[in-house]
Amino acid sequence: MKQFKGRPVVPGTVKAEALVSKGGFNTLASYQKSLMFGDKKATCSDQNNPDLYGKPMSGKALCLPQTIGSTTGGMVLYCAAALGRQPACLLFSKPIDSLAAAGAILANVWTDINMPTVDSLGDEFLEYVKTGMIISVSEDGTVTVE
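Be aware that the sequence shown starts at 480, since it is given in the working numbering, and climbs by one per residue.
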């Protein structure tokens, strides 16, 4: 078990299974099929992300370095949350970009969804965590990897 301390962008507590991407997360490409065709598991549809492609994202602790791609990224996160297809939490090794932050904050403010979001966890976090590990997030941005 190891703990990492990051900055809570959207505070909250959650315990979930890790889903790890070593590359940037394209929010639109990853959620596009789920939002268009009603996939409640939110199976990742981004063929350019071999770590996540074809894996369900809903309810997982999504661990990634940063988001990349479309300027619609924030709205995609909000829409996924509004439909109940969001990850359990978003955990960034690097500082969060403004679009992902906006999506996480909008989901928190405009829905009843709790999607804790923590950034600046460091490169060591992403090197340590593996898909399938159990993650606990605390209100203060402490992330425990079991």
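Cβ atoms here follow ideal geometry from the backbone N, Cα and C, with glycine treated the same way.
Note that the coordinates shown come from a computational prediction; the quantities given were computed from them, not determined experimentally.
Exercise. What are the boundary residues of the alpha helix (DSSP H) that Leu578 is part of?
Worked result: For Leu578, the enclosing alpha helix (DSSP H) covers residues 577 to 589.
Exercise. With a Cβ-Cβ cutoff of 7 angstroms, do Ala560 and Met594 count as a contact?
Worked result: Contact: yes.
Exercise. Between the stretch 577 to 594 and the stretch 602 to 609, do at least 3 Cβ pairs fall closer than 8 angstroms?
Worked result: The answer is no - the stretch 602 to 609 does not touch the stretch 577 to 594, with fewer than three Cβ pairs under 8 angstroms.
Exercise. Do the stretch 545 to 552 and the stretch 501 to 518 touch if we need at least three Cβ pairs shorter than 8 angstroms?
Worked result: Yes, they touch.
For this session: Assuming Leu498 contacts Thr610 (C-beta within less than 8 angstroms), just tell me the rounded distance between them.
Result: Their Cβ separation, rounded to whole angstroms, is 6 angstroms, which keeps Leu498 and Thr610 in contact under 8 angstroms.
Exercise. When DSSP labels each residue in this structure, what does Val555 get in the three-state scheme?
Worked result: Looking at Val555 - three-state DSSP - the assignment turns out to be helix.
Problem set entry | According to DSSP, residues forming a beta bridge with Ile547 | For Ile547, which the question treats as bridged, DSSP gives the partners Asn505.
Problem set entry | Delimiting residues of the alpha helix (DSSP H) encompassing Glu496 | Glu496 -> not in any alpha helix (DSSP H); beta strand (DSSP E) instead, spanning 493 to 499.
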